[in-house]
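Let me begin by presenting the structure, written as structure tokens, before commenting on it.
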Amino acid sequence: MFGIGFPELLLIGVVALIVIGPERMPKVARTVGAWVGRLNRYTAQVKADIDREMRLDELRNMQKTMEDSVQKYEIMAEETTQQVKQEAGELNKAVQEVADQAASNPNSQDPLAPPAVENKAS
Numbered sequence: 001m002f003g004i005g006f007p008e009l010l011l012i013g014v015v016a017l018i019v020i021g022p023e024r025m026p027k028v029a030r031t032v033g034a035w036v037g038r039l040n041r042y043t044a045q046v047k048a049d050i051d052r053e054m055r056l057d058e059l060r061n062m063q064k065t066m067e068d069s070v071q072k073y074e075i076m077a078e079e080t081t082q083q084v085k086q087e088a089g090e091l092n093k094a095v096q097e098v099a100d101q102a103a104s105n106p107n108s109q110d111p112l113a114p115p116a117v118e119n120k121a122s
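In this note's numbering, the protein residues as written are 1 to 122.
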């Protein structure tokens, strides 16, 4: 982890045995082990928190992208609806004009009827 191999650990153990003494060495070793365990758990927790925040940030970005796409498609749908309504209005207006024209000239030929074709008998 820190680049400490077995020879370095052995040297640290011998120095600790000389400085602390054989009576207190087991208690100190347990205390150091507990602190190292806490440090490892804390480090793992910090890594997990960072990973969770990164995933949360990715999800937020994905949500923003989806919301932007939905908004874009809603605008496109609204524009298409307006175009269809406009075209339908123009078509209704044209039909109404033809109907009004036909009503005002009852003697004229029906503008919607196909042209009459004379049969030539030979």
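In this text, a Cβ means the ideal position worked out from N, Cα and C, and glycines have one as well. Keep in mind the model is a prediction, meaning the values are calculated, not measured.
When you compare the CB positions of residue i and residue j, do they come within less than 8 Å of one another, or not?
{"i": "Val-28", "j": "Ile-20", "result": "yes"}
{"i": "Met-25", "j": "Ala-16", "result": "yes"}
To the nearest angstrom, report how far apart residue i and residue j are at their CA atoms.
{"i": "Gln-63", "j": "Tyr-73", "result": "15 Å"}
{"i": "Lys-85", "j": "Asp-49", "result": "53 Å"}
{"i": "Pro-22", "j": "Glu-58", "result": "54 Å"}
{"i": "Glu-149", "j": "Glu-90", "result": "Because the chain here runs from 1 to 122, residue 149 falls outside it and cannot be looked at."}
{"i": "Asp-68", "j": "Asn-61", "result": "11 Å"}
{"i": "Gln-151", "j": "Val-70", "result": "The displayed coordinates of the chain run from 1 to 122. Any statement about residue 151 would go beyond what the structure contains."}
Residue i by DSSP, collapsed to three states: which one?
{"i": "Arg-24", "result": "coil"}
{"i": "Asn-40", "result": "helix"}
{"i": "Gly-33", "result": "helix"}
{"i": "Ile-4", "result": "coil"}
{"i": "Asn-105", "result": "coil"}
Taking 6 Å as the limit between beta carbons, can you name the residues of its chain near residue i, skipping five residues before and five after?
{"i": "Leu-9", "result": "none"}
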